[in-house]
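Residue numbers (our numbering): 3 to 375. Yeah, the Cβ is synthetic: ideal placement off N, Cα and C, and Gly gets one too. Model, not experiment: these values are computed from the prediction. Written out below as structure tokens is the structure these notes cover.
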């Protein structure tokens, strides 16, 4: 039997959920040595270890960590990258931010035709950390001659330059946090859910305002569930609520084990964001077959197929969001059932683990083939 090619796969702790759906399947085609960049005693570290043990994947922990601009990071990363380069893998896959030091070290020690860097940012947005420095860095990295993998056309089109023959677009795989046993309530109320860290770019205040307006016409016919951690809920968001009966609040950090029940009890996931590159909650909704209502940002217009996987409204427009939510109430459950069915078909055809992993296999095989020419 032909020997499998060896891949060095580096996952940052904050990217763990991106890679978990992929690795077990990809090991059927490649010998993957997995490097988790983070603390083994953290919750993500423990999750990675259990996953590796369950799927017989060799796992190494890289536990170097300082403030992002600490000069000591350069020397730590230099030794790590040099060590990995000496192992002479067929491909090095980096699902980690290479800002600000790592990219120069990769360029110095690893041949560019062996390097794939996962690109998780597109156009700069208000929530981007270190934006004045990071944006020029992104423009620079997009001009490199290594292989770059984007997760959407919107991301890939955000930057020009570089070797377009070494650009790949592969969608994010869907996460599985466990089996759903819960179902939406059967009392006739439509359940709208917003989930995740509540920060300004998520624009939860717009949803609250739309729900207040909706309650004045459809009191008792819906509920808005706001679930997630927020540092300033009482001072910023709570005062916006005019009708307490319209809302169910759970303002805290949500454990992964609670996610299936939360999504199972929801009719629609609402994403009223002001800016977005990638949305974890959107991927979860698709994984659990929950229709979405999202603002019409470019990042969502590519991912949310109107009337197929969800519904779009004009970003920042309370009347537009109100109108979409009103339509779902007036046409419930027919609209919900139709979108749910069409979303499942779309996900099965385009976003299943097999479909996404097949694209990774194709990318890696093309990279290996190009090197032989």
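Per DSSP, cross-strand counterpart(s) of residue i
i, result
"residue 312", "294 and 308"
"residue 191", "In DSSP, residue 191 forms no bridge with anything."
"residue 33", "8"
"residue 62", "37"
"residue 271", "195 and 294"
"residue 150", "119 and 169"
"residue 13", "38 and 97"
"residue 265", "Residue 265 is not bridged to any residue."
"residue 302", "In the DSSP output, where bridge partners are listed per residue, residue 302 has none listed."
Beta-carbon gap between residue i and residue j smaller than 7 Å
i, j, result
"residue 66", "residue 78", "yes"
"residue 288", "residue 182", "no"
"residue 310", "residue 362", "no"
"residue 294", "residue 175", "no"
"residue 93", "residue 109", "no"
"residue 258", "residue 179", "yes"
"residue 97", "residue 21", "yes"
"residue 104", "residue 150", "no"
Under the three-state DSSP convention, the category residue i falls into
i, result
"residue 257", "coil"
"residue 91", "coil"
"residue 42", "coil"
"residue 250", "strand"
"residue 200", "coil"
"residue 233", "coil"
"residue 112", "coil"
"residue 182", "coil"
"residue 71", "coil"
Nearest-angstrom Cα separation, counted from residue j out to residue i
i, j, result
"residue 313", "residue 269", "13 Å"
"residue 277", "residue 84", "37 Å"
"residue 63", "residue 54", "12 Å"
"residue 73", "residue 330", "53 Å"
"residue 76", "residue 201", "31 Å"
"residue 3", "residue 367", "Here the model assigns residue 3 a pLDDT of 49, short of 50, so the residue's position is not dependable, and the following value carries that caveat. Each residue's alpha carbon lies about 17 Å from the other."
Beta-carbon proximity list for residue i, same chain, < 8 Å, skipping 5 on both sides
i, result
"residue 44", "15"
Residues near residue i by beta carbon distance below 6 Å, same chain, minus five either side
i, result
"residue 317", "297, 298 and 299"
"residue 250", "225 and 227"
"residue 235", "253"
Beta-carbon contacts of residue i that lie in its chain and below 7 Å, excluding the five residues immediately before and after
i, result
"residue 18", "46, 49 and 50"
"residue 285", "174, 176 and 177"
Residue i Cβ short of 6 Å to the ligand ADP heavy atom set
i, result
"residue 81", "Ligands displayed in this structure: none; no statement on the ligand ADP is therefore possible."
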